[in-house]
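K.L.:
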Amino acid sequence: MNYRHSYHAGNFADVVKHALQCMCLAYLRQKDKPFWVLDTHAGIGMYDLLGEQASKTGEWQQGIAKLLAADNIPVLLQDYVNAVRSLNSAHELRWYPGSPWLTAQQLRSQDALTLCELHPIDSQLLRDNVSQFHSAGSVKVLPQTNGYSAIKALLPPPIKRGMVLIDPPFEQRDEFDTVLQALSDGMRRWATATYVVWYPIKDPLSVGEFHQQVAAIQGVEKLFAADVLVRSALDRTKLNGCGMLFVNPPYGVTSQAAEVLAFLTPLLAQDRGAQWQAQWLKGE
Ligand SMILES: C[S@@+](CC[C@H](N)C(=O)[O-])C[C@H]1O[C@@H](n2cnc3c(N)ncnc32)[C@H](O)[C@@H]1O
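Per this note's numbering, the very first residue in the sequence shown carries number 10; after that it's consecutive.
1) Mind reading off the beta-carbon distance from Ala200 to Ala235? Whole number of angstroms is fine, and I expect it under 8 angstroms.
2) Within the present structure, is the beta-carbon of Met10 separated from the nearest heavy atom of ligand 1 by less than 8 angstroms?
3) Return yes when the C-beta of Thr203 is under 8 angstroms from any heavy atom of ligand 1, and no when it is not.
4) What are the boundary residues of the beta strand (DSSP E) that includes Tyr12?
5) How about the stretch 120–134 and the stretch 157–172: do they share at least three Cβ pairs that are nearer than 8 angstroms?
6) Between Ala224, Leu127, Ile82 and Arg117, which lies nearest to Leu298 when the distance is taken from Cα to Cα?
7) Do you know how far the Cα of Leu34 is from the Cα of Gly54?
8) Comparing alpha-carbon positions, which option in Glu101, Tyr12 and Gly52 lies nearest Gln153?
9) What residue does the alpha helix (DSSP H) around Ala99 start on, and which one ends it?
10) From Ser64 to Glu230, what does the alpha carbon distance come to, in whole angstroms?
11) Would you kindly work out how many angstroms separate the C-alpha atoms of Trp69 and Gln286, rounded to a whole number?
12) Within its chain, find whatever has a CB closer than 6 angstroms to the CB of Pro213; leave out the 5 residues flanking it on each side and keep chain order.
13) Can you give me the Cβ contacts of Asn20 inside the same chain, cut-off strictly under 7 angstroms, excluding the 5 residues immediately before and after it?
14) Between Asp280 and Thr274, what straight-line distance do the alpha-carbon atoms span, to the nearest angstrom?
15) Helix, strand or coil, according to DSSP, for Leu321 in the structure here?
16) On the DSSP letters alone, give me the boundaries of the beta strand (DSSP E) that Trp207 sits inside.
17) Considering only heavy atoms of ligand 1, does any lie closer than 8 angstroms to the CB of Tyr16?
18) In the DSSP assignment, what are the bridge partners of Gln284?
19) What is the rounded straight-line gap between the Cα of Gln227 and the Cα of Leu192?
20) Is the beta carbon of Asp23 less than 9 angstroms from the beta carbon of Tyr105?
21) What are the partner residues of Cys31, as DSSP defines its beta bridges?
22) Spatial neighbours of Tyr36 within its chain, please: CB distance less than 6 angstroms, with the 5 preceding and 5 following residues excluded, ordered by chain position.
23) I'd like the list of long-range same chain contacts for Phe179, defined as Cβ closer than 8 angstroms, with 5 residues on each side in sequence excluded.
Put into structure tokens, the structure is as follows:
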């Protein structure tokens, strides 16, 4: 396991992912009924953008730094933007929250969050970084756990509403296949959950195949995708964009993704080939 998210924290891909994640959470909070979130690839939960690793790439300068400096930020992004602002002074952007922290911050007393991180050091860092949430709903960090195994072990959960967030590093050649298997395992056990998968886009043409494979999984009736390319994909070995796939998407995301992506894409653009797409792949 070589991947460390601290090199990439707050980059354009995190901005797209975390903006949409916060919109899902806002939707879950609309009902009093409790919800549960399983974050299968949690990372460490909090990142120092001025630390050695983030400074080495400076990727956050092309991501969260641009968003925080923007005018007319849509209301739909306020939960996310406020969460990041709450960690920083008005003069310096230093701390960036990961997906576990963003979810934990949104939990009510009736809700619950389970976090999996396989890297032994990151798993411990994660535990420390979310320890402040003991007064929120129940936040559980599983010690050094494979998120794919957790899908099989923990689903269906006792709380019947919720979301499974799958955000792998895609450093393994067969990671797309592993995600397909995980979705299939998940749907068999908990068919009504929302599954949210982040994926990298290097070659935009290969994304369609992944979409079709997810649409073919037994039980998948409603499938929505939100894709952003931050530059023309001339070099197909680079991370040219990213997407989020939603099985059983929350209404709030499908109706509002276009507004959010239309705002974020020009802001995060790295050349004139930047573009976005938000579409139903199955259902609706
Ligand atoms: C893209 S990062 C996660 C970022 C995080 N979700 C966020 O948005 O803040 C992927 C993480 O998954 C971890 N990881 C890799 N394989 C895993 C597995 N099978 N189960 C759980 N964690 C894994 C890596 O160590 C890395 O920290």
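Each residue gets a CB set at the ideal place from its N, CA and C atoms; glycine is no exception.
P.N.:
By the coordinates alone:
1) The residue given as residue 200 occupies position 191 in the sequence shown. The residue given as residue 235 occupies position 226 in the sequence shown. The beta-carbon distance between Ala200 and Ala235, rounded to whole angstroms, is 22 angstroms. This is too long to meet the 8 angstroms contact definition.
2) Within the sequence shown, residue 10 is the residue found at index 1, counting from 1. Checking the 8 angstroms criterion, the Cβ of Met10 is within range of a heavy atom belonging to ligand 1.
3) Counting from one through the sequence shown, the residue named residue 203 turns up at place 194. Exclusion of Thr203 from the 8 angstroms shell around ligand 1 follows from its C-beta lying no nearer than that to any non-hydrogen atom of the ligand.
4) Translated into positions along the sequence shown, residue 12 becomes position 3. It is not in any beta strand (DSSP E) - Tyr12 carries neither H nor E in the DSSP assignment.
5) Put simply, the stretch 120–134 touches the stretch 157–172. At least three CB pairs are less than 8 angstroms apart.
6) No answer is possible for residue 298: the residues shown for the chain start at 10 and end at 293.
7) The residue given as residue 54 occupies position 45 in the sequence shown. The residue given as residue 34 occupies position 25 in the sequence shown. For the pair Gly54 and Leu34, the Cα-to-Cα distance works out to about 16 angstroms.
8) As a first step, residue 153 is located in the sequence shown; it is residue number 144 there, counting from the start. The shortest C-alpha separation from Gln153 is found at Gly52.
9) Here the question's residue 99 lines up with position 90 in the sequence shown. Going by DSSP, Ala99 is part of no alpha helix (DSSP H) at all; its letter is neither H nor E.
10) Locating residue 64 in the sequence shown gives position 55, counting from the first residue. Locating residue 230 in the sequence shown gives position 221, counting from the first residue. Between Ser64 and Glu230, the alpha-carbon positions lie close to 43 angstroms from each other.
11) As a position in the sequence shown, residue 69 is number 60, starting the count at 1. As a position in the sequence shown, residue 286 is number 277, starting the count at 1. Cα-Cα distance, rounded: 23 angstroms.
12) Locating residue 213 in the sequence shown gives position 204, counting from the first residue. The answer, listed in chain order, is Ala242.
13) Here residue 20 refers to the residue found at position 11 of the sequence shown. Closer than 7 angstroms at Cβ, skipping near neighbours: Glu68, Trp69, Gln71 and Gly72.
14) Position 271 of the sequence shown, counted from the first residue, corresponds to residue 280. Position 265 of the sequence shown, counted from the first residue, corresponds to residue 274. A straight-line Cα-Cα distance of about 11 angstroms links Asp280 and Thr274.
15) The structure shown does not extend to residue 321, since the chain is modelled only from 10 through 293, so no value can be given for it.
16) Within the sequence shown, numbered from 1, the residue matching residue 207 stands at position 198. Here the beta strand (DSSP E) through Trp207 covers Thr203 to Ile210.
17) Working through the sequence shown from its first residue, we reach residue 16 at position 7. Result no, Cβ not under 8 angstroms from ligand 1.
18) Here residue 284 corresponds to residue number 275 of the sequence shown, with the count starting at 1. Per DSSP, Leu238.
19) Numbered from 1 along the sequence shown, position 218 holds the residue referred to as residue 227. Numbered from 1 along the sequence shown, position 183 holds the residue referred to as residue 192. Going from the Cα of Gln227 to the Cα of Leu192 covers about 10 angstroms.
20) Within the sequence shown, residue 23 is the residue found at index 14, counting from 1. Within the sequence shown, residue 105 is the residue found at index 96, counting from 1. Yes, they are a contact pair.
21) To locate residue 31, count along the sequence shown from 1; it is residue 22. Looking at the DSSP output, Cys31 sits in no beta bridge, so it has no partner there.
22) Taking the sequence shown and counting its residues from 1, one reaches residue 36 at position 27. Excluding residues within five positions, the ones whose Cβ falls inside 6 angstroms are Pro259 and Gly261.
23) Taking the sequence shown and counting its residues from 1, the one referred to as residue 179 is at position 170. Annotation for Phe179: Phe185, Tyr208 and Pro209 place their beta carbon closer than 8 angstroms to its own, counting only its chain and skipping 5 residues before and after.
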